[in-house]
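Numbering (mature numbering (1 follows the signal peptide of the UniProt record, and there is no 0)), first residue to last: -22 to -1, 1 to 436. Where is the CB? At the ideal position from N, CA and C, for every residue including glycine. The structure displayed is predicted, hence computed values, not measured ones. Below is one structure, written out as structure tokens; the observations come after it.
Shown next, in the form of structure tokens:
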């Protein structure tokens, strides 16, 4: 049977109309960068991503070539008052120095324990810092090093924000990482920090797997220990992935030229230039400018420790690099759920307390070892040599103090020994009680009284 062309057209038209009626209404577009204010910087990111992912456009870039590189310190998380890996190294020295006299006698270790950051960062490649990195990062297996980093990130807190360091990532940059990956980009960290240090937590924190972390490295050595094959960390043939070293690191470890680069300091200038100048593919560069002293930090020419931003900032306009103003471009700095907490406890606990006994060994008479609990749960005090601070977890009569952020001064051996005993005792505390005599007793998991303190009256 032959069907006229008019009938076929009519049937197709009716089918098309029915199909159109069956289509659901389009949902409203979800903002991929909600923590970014509606400024030119946000729009520049979106416009670039749209251009390189539009298959019909002249600037289309295949997914395999969509490489985005990010500095870490000061770009994805803070670098103040010290870069976080430096904080890790200081904690290691603080832990080891009392038991290792040879280590404690090293001039750079003494500078670190005294908080002399200027001395550590002197020299083109931060010679003092490289020295203490060698002392704390070598001669151990990669597994041992990873375990130490994990312990550090689980037990230490930032001195200002009182949060785990890996909880202090910038929410706008987390959104940017996800937005790029959702659009076919592969994201990499390219940082002057140690590659092994970042690889421990980069996937859990940023969704960036260890193999996508480019950082400062040195040779590892294969050997057998206790009949098992292990890798031993050394400082031989150290490669510093900073400044001019960043483009080199990108070539050596990634093997493709990036089309998007994000940094925050003069140390990132070379990789921004490598990404955006003379690139045969469309490219994008962005600098994060720290301008928000209230919510984070404000600096450029004079950073607290590292992150100087002078020459890269001056070069930005001519090279078309976008400069993020943290204060005006970001409506949120941190992940809200990681910066808020509530807890309830007895008001009698709030105040300043003086240690009178530590694990039944008394205290040095002239020592003023104190613990102060604030009404927001902040814990701080003085060991009589060093100041410490942290955040207590308190609920009813339960309390966890854990390890604290401390200054790193040295003192008489008797006071240093007491400091070690006191801080070790605080780490074991699980409960507390306030006696009828007004004394505060800190208890371990078995109910033993391990620290006794008296209230210091105002």
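Put simply, the region 238 to 247 does not touch the region 128 to 135. Fewer than three CB pairs are less than 8 Å apart. Nearest to residue 355 by alpha-carbon distance, out of 124, 370, 87, 137, is 370. Excluding residues up to 5 positions away in sequence, 71, 75, 81, 110, 113 lie with their Cβ nearer than 8 Å to the Cβ of residue 87 in the same chain. Residue environment for residue 223: buried (at least 16 other C-beta atoms within 10 angstroms of its C-beta). With a cutoff of 8 Å on beta-carbon distance, residue 347 and residue 358 are scored as not near each other. For residue 138, the secondary structure class from DSSP, reduced to helix, strand or coil, is coil. Nearest to residue 216 by C-alpha distance, out of 208, 172, 207, is 172. Of the residues assessed, residue 104 falls on the buried side of the cut-off, its CB having 16 or more other CB atoms within 10 angstroms.
When the beta-carbon positions are compared, residue 300 and residue 249 stay at least 8 Å from each other.
Looking at the DSSP output, residue 430 bridges to 335, 419. A direct Cα-Cα distance of roughly 50 Å separates residue 25 from residue 351.
Annotation for residue 225: 248, 249, 252 place their beta carbon closer than 7 Å to its own, counting only its chain and skipping 5 residues before and after. Residue 225 carries a helical assignment under DSSP once its states are collapsed to helix, strand and coil. Cβ neighbours of residue 28 within its own chain (closer than 7 Å, five residues either side excluded): none. The residue from 119, 150, 78, 54 with its alpha-carbon nearest to that of residue 169 is 54.
Between the alpha carbons of residue 32 and residue 121 lies a gap of roughly 44 Å. With 16 or more other Cβ atoms inside 10 Å of its own Cβ, residue 49 counts as buried. In this structure, the CA atom of residue 176 is about 7 Å from the CA atom of residue 191.
Assignment of residue 86 by DSSP, reduced to helix, strand and coil, places it in the helix class. Residue range 356 to 360 is occupied by the beta strand (DSSP E) that includes residue 360.
Taking the CA atoms as reference points, residue 193 sits about 33 Å from residue 364.
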